[in-house]
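Undergrad:
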Amino acid sequence: MSQKFPEHFLWGGAVAAHQLEGAYREGGRGLSTADVMTAGSAKQPRIITDGVLAGYVYPNHQGIDFYHRYREDIALFREMGFKCFRTSISWSRIFPNGDEEEPNEEGLQFYDRLFDELLANGIQPVVTLSHFEIPYHLVKTYGGFRSRKLIGFFLHYAETVFTRYRDKVKYWILFNEINNQTDTSRPIFAFTNSGILFEEGENREQVVWQAIHHELVAGAMAVKRGHEINPDFKIGCMVAWVPIYPETCHPADMLAEVDRMHDRYFFTDVYVRGHYPGYADSMMKKKGVFIRMEEGDAEILSEGTVDYISLSYYMSSVVSHLEDTDSNERGFTGSVDNPYLKYSDWGWAIDPEGLRYTLDTLTERYEKPIFIAENGFGAYDKLDEKGEHSYAVDDSYRINYLQEHIRAVKEAITEDGADVFGFTIWGCIDVVSFTTGELSKRYGMIYVDIDDAGCGTLARSRKKSFYWYQNVIRTNGEEV
Ligand code: BGP
370 MSQKFPEHFL WGGAVAAHQL EGAYREGGRG LSTADVMTAG SAKQPRIITD
420 GVLAGYVYPN HQGIDFYHRY REDIALFREM GFKCFRTSIS WSRIFPNGDE
470 EEPNEEGLQF YDRLFDELLA NGIQPVVTLS HFEIPYHLVK TYGGFRSRKL
520 IGFFLHYAET VFTRYRDKVK YWILFNEINN QTDTSRPIFA FTNSGILFEE
570 GENREQVVWQ AIHHELVAGA MAVKRGHEIN PDFKIGCMVA WVPIYPETCH
620 PADMLAEVDR MHDRYFFTDV YVRGHYPGYA DSMMKKKGVF IRMEEGDAEI
670 LSEGTVDYIS LSYYMSSVVS HLEDTDSNER GFTGSVDNPY LKYSDWGWAI
720 DPEGLRYTLD TLTERYEKPI FIAENGFGAY DKLDEKGEHS YAVDDSYRIN
770 YLQEHIRAVK EAITEDGADV FGFTIWGCID VVSFTTGELS KRYGMIYVDI
820 DDAGCGTLAR SRKKSFYWYQ NVIRTNGEEV
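The following block contains the structure:
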């Protein structure tokens with residue numbers, strides 16, 4: 370087994386349209402779910418307002434103005450040596466309301482320009498169809514994916530962009546972190562995953578899991594249609610992978626871990642194997658859920674299995690059969706402390722071995738190619754005002770985090786036989802944080818001069834990690 374990363378390993382960076390494009394009302398774009406979420410913080414959850422209201426700060430409206438500055442940013446990605454760049458298409462740029470027949474040509478032209486610029490710089494686009502933003506009209510008129518009608522709207526959108534970019538984009542991702550919404554205690558997840566606003570007193574589990582079924586069907590139909598449009602397409606599912614450890618070796622903790630992991634494995638089981646897993650019935654019963662399936666859904670799932678698994682990895686978490694906590698201090702609701710790990714300022718466990726464990730367990734379960742669509746370290750970066758260095762920020766802490774995680778990926782590949790074909794650092798340029806709406810929760814190797822109130826010059830500057838990652842890519846992971 371080679372001791373190296375594969376020769377054409379796709380090193381790169383990842384972002385999402387709503388977290389950096391800005392220009393939220395330009396080019397014919399319609400309102401999306403991302404546009405009605407206010408700024409928040411590590412302690413203050415974001416508010417979902419009914420439309421865009423005066424007196425609130427909506428950080429996604431401006432993002433970092435990538436819509437107008439993408440050429441400058443792509444030049445910086447090229448300088449780092451990116452082989453690929455993961456972003457998403459803003460669905461409401463293509464279908465402003467989401468239920469139109471005809472697409473918005475201006476929106477299609479923006480992504481033509483963006484993908485052309487990437488390809489001209491030797492960078493492969495990796496494109497997510499739905500990354501936490503659904504046309505707001507679909508939320509207000511149909512209730513988002515709680516309505517089965519969204520399957521048709523999503524498929525029409527997918528067909529449109531698959532056809533338009535069939536010769537520019539090879540790698541596609543369906544729904545970003547489709548599993549987040551299983552945590553129904555945090556409404557932001559159902560809203561951004563499925564465009565669902567919970568109603569007073571309704572059974573949230575029932576609503577969410579029915580929407581999940583619609584998304585699984587829509588995703589499988591999109592995979593099948595995508596392969597008809599271009600047989601070379603590689604289309605993947607995407608799950609937020611937070612491996613769960615049992616708090617002790619008590620057998621009940623182990624069973625609690627198996628139970629909690631079903632909220633992750635369920636998605637890859639369906640998307641990779643093409644059918645609901647054996648534990649689905651008892652899992653749904655325990656949640657008080659009854660999935661309404663239609664004639665033909667089972668076939669659709671079996672005919673639309675994905676080409677690869679993509680995932681985000683930031684942290685691991687711990688479950689105990691004793692603790693019925695619903696605190697999400699540890700990043701994920703119901704997690705308890707791991708005394709062997711350190712935590713970020715946002716309570717996310719720092720666990721590079723957890724990434725190797727994740728890649729190993731997914732490989733052993735599916736033997737499918739894996740793309741690491743997100744891994745990164747959010748931190749309050751400090752500008753080096755004295756200008757003593759060639760870089761604007763000394764983010765050695767981010768380099769350390771990424772070094773350890775890239776080494777874990779290398780071990781999974783070279784020691785454990787994992788077939789990982791790409792790694793994109795989340796927030797390769799500072800963007801709007803999804804969970805908090807902060808710009809000050811920075812992930813980038815590129816610093817952007819903008820603060821949480823949206824004030825700043827938007828000037829870009831290189832951090833220390835910019836030069837570190839440039840060398841990692843240059844040596845194909847030999848020097849990490
Ligand atoms: C994942 C999302 C990304 C990004 C990332 C970092 O959940 O897929 O869109 O937001 O987390 O999280 P945050 O931005 O909340 O710090």
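For the sequence shown, position 329 (counting from the first letter as 1) is numbered 698 according to my numbering, and the numbering increases by one without interruption.
Here a beta-carbon is modelled for each residue, glycine too, at the ideal position from N, C-alpha and C.
1. List the whole-angstrom C-beta distance separating Asp714 from Ala411, where the pair is believed to meet the contact cut-off of C-beta under 8 Å.
2. Cys453 bridges to which residues according to DSSP?
3. Here's the rule: buried if 16 or more other CB atoms are within 10 angstroms of the residue's CB, otherwise exposed. What is Gly756?
4. With respect to the alpha helix (DSSP H) encompassing Val817, which residues constitute its N-terminal and C-terminal limits?
5. Using 8 Å as the Cβ pair cut-off and three pairs as the minimum, do the region 569-584 and the region 512-528 touch?
6. Would you identify the three-state DSSP class for Thr793, choosing helix, strand or coil?
7. Which residues does DSSP pair with Ile520 in a beta bridge?
8. Would you identify the three-state DSSP class for Phe466, choosing helix, strand or coil?
9. Would you kindly work out how many angstroms separate the C-alpha atoms of Glu571 and Gly396, rounded to a whole number?
10. Please name the residue, chosen from Leu400, Gly432, Val849, Gln431, that lies closest to Val421 on a Cα-to-Cα basis.
11. Note the first and the last residue of the continuous alpha helix (DSSP H) segment covering Ala411.
12. Would you check if the region 771-778 and the region 822-831 touch, i.e. whether three or more CB-CB distances between them fall below 8 Å?
13. Is Lys810 near ligand 1, judged by its Cβ being under 7 Å from some heavy atom?
14. Looking at Gly605 and Phe446, is the spacing between their C-beta atoms short of 8 Å?
15. On a Cα-Cα basis, can you pick out the residue from Ile416, Gln431, Val508 that is closest to Ser563?
16. Taking 7 Å as the cut-off, is the C-beta of Trp795 nearer than that to any heavy atom in ligand 1?
17. Using C-beta distances below 7 Å, list every residue in its chain close to Glu626, excluding the 5 sequence neighbours before and after it, in chain order.
18. Is it buried or exposed, Gln413, if we count other Cβ atoms within 10 angstroms and call 16 or more buried?
19. Determine the DSSP secondary structure at Trp717, reduced to helix, strand or coil.
20. Rounded to the nearest angstrom, what separates Lys537 and Phe479 at their Cα positions?
21. Are Tyr436 and Gly391 touching if we call contact CB-CB under 8 Å?
22. Would you tell me roughly how many angstroms separate the C-alpha atoms of His430 and Tyr648, rounded to the nearest one?
23. Cβ atoms of Glu486 and Ile433: under 8 Å apart, would you say?
24. Could you tell me if the beta carbon of Glu743 falls within a distance shorter than 7 Å of some heavy atom in ligand 3?
25. Leaving out five residues before and five after Ala828 in sequence, what residues of the same chain have Cβ atoms less than 8 Å from its Cβ?
26. What is the DSSP secondary structure of Gly615, reduced to helix, strand or coil?
27. Output yes or no for whether 8 Å exceeds the beta carbon distance between Ile794 and Gly723.
28. Can you give me the Cβ contacts of Ile557 inside the same chain, cut-off strictly under 8 Å, excluding the 5 residues immediately before and after it?
29. Using the DSSP secondary-structure output, state which residues sit across from His740 in a beta bridge.
30. Less than 6 Å between C-beta atoms, sequence neighbours within five positions excluded: which residues of the same chain meet that for Tyr760?
31. I need the straight-line Cα distance from Tyr812 to Phe484, nearest angstrom please.
32. Just to confirm, does Ala527 get its C-beta within under 7 Å of one of the non-hydrogen atoms of ligand 1?
TA: So, to answer that:
1. The C-beta separation of Asp714 from Ala411 comes to about 7 Å, placing the pair in contact by the 8 Å criterion.
2. Gly381, Gln493
3. exposed
4. Note, Val817: premise wrong, no alpha helix (DSSP H); beta strand (DSSP E) at 815-817.
5. yes
6. Strand.
7. Ile520 is not bridged to any residue.
8. Rather than Phe, the amino acid found at residue 466 in this sequence is Asn. The three-state reading of DSSP puts Asn466 in coil, since its state is none of H, G, I, E or B.
9. Those two C-alpha atoms are separated by around 38 Å.
10. Leu400
11. Note, Ala411: premise wrong, no alpha helix (DSSP H); not H, not E.
12. The region 822-831, when compared against the region 771-778, does not touch it at the 8 Å Cβ threshold.
13. Ligand 1 approaches Lys810 closely enough that one of its heavy atoms is under 7 Å from the residue's Cβ.
14. no
15. Val508
16. yes
17. Ile613, Tyr614, Pro615, Val688
18. Under this definition Gln413 is an exposed residue.
19. coil
20. Looking at the backbone, the Cα of Lys537 and that of Phe479 are separated by about 13 Å.
21. yes
22. 42 Å
23. no
24. Ligands in the displayed structure: ligand 1; ligand 3 is not one of them.
25. Val817, Asp818
26. The identity of residue 615 in the sequence shown is Pro, whereas the question assumes Gly. Three-state DSSP puts Pro615 in a strand.
27. no
28. Met406, Pro414, Arg415, Ile417, Thr804
29. It is Phe, not His, that sits at residue 740 in the sequence shown. Residue pairing for Phe740: DSSP places it in a beta bridge opposite Ser679, Gly791.
30. Same-chain partners within the cutoff: Arg831, Lys832, Lys833.
31. 23 Å
32. no
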